[in-house]
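Peer 1: Residues 1 to 101 (UniProt numbering) make up the sequence shown, in order.
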Amino acid sequence: MYQLYGGSPFRVGKKPGAVVDRNGEEVYLLGNSKDVLHELHHHEQWKETEVAIASRTDEPRWADEIMRKLEISPGIMMKQVFHHEEIYYGSKTKHLSEIQK
Numbered sequence: 001m002y003q004l005y006g007g008s009p010f011r012v013g014k015k016p017g018a019v020v021d022r023n024g025e026e027v028y029l030l031g032n033s034k035d036v037l038h039e040l041h042h043h044e045q046w047k048e049t050e051v052a053i054a055s056r057t058d059e060p061r062w063a064d065e066i067m068r069k070l071e072i073s074p075g076i077m078m079k080q081v082f083h084h085e086e087i088y089y090g091s092k093t094k095h096l097s098e099i100q101k
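#1: Going by beta-carbon coordinates alone, are Ile72 and His41 separated by less than 8 Å?
#2: Taking all protein chains shown into account, do 16 or more other C-beta atoms lie within 10 angstroms of the C-beta of Lys14, making it buried, or fewer, making it exposed?
#3: Okay, do the segment 87-97 and the segment 42-61 touch, 3+ Cβ pairs below 8 Å being the bar?
#4: Helix, strand or coil, according to DSSP, for His42 in the structure here?
#5: Evaluate Glu65 with the Cβ neighbour count: other Cβ atoms within 10 Å of its Cβ, from every protein chain shown; 16 or more gives buried, anything less gives exposed.
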C-alpha cells in the first residue's frame, strides 16, 4: 500500500478485477496473479491446499478493504482465497514464521 496515496475508501472499478482508491487510482493484480488465485480457489487438485498471503504495510486496513472488493472471478473476492493472512508493518521473517505455525 506504500505506493497508494489516495487511500480508503476503495470502490469496485469499471475494469473487471480492479478497485479504485478515493483519488481514482486503479489497484489491480499484476500478471497472471488473478488466474493463479482463481485456479487455487476453484480446482479440485488444490482443495486441500492452504493459501497464505504476507505483506508488509503500514495500512493493513486498506489491504483488507481491497481484498474484500477485488474480484478474482465472478462472485469470488480475493480475500476468500486465503486461509492465512499476515498483513501488517513488520519483517517478512516474522510474517513467514507466523504462517508456518
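For every residue, glycine included, the Cβ atom is placed at its ideal position computed from N, Cα and C. Since we're looking at a predicted model, the values are computed, not measured.
Peer 2: Checking against the coordinates, here is how it stands:
#1: yes
#2: That one is exposed.
#3: With a cut-off of 8 Å, the segment 42-61 and the segment 87-97 count as touching, because enough Cβ pairs lie within range.
#4: helix
#5: buried
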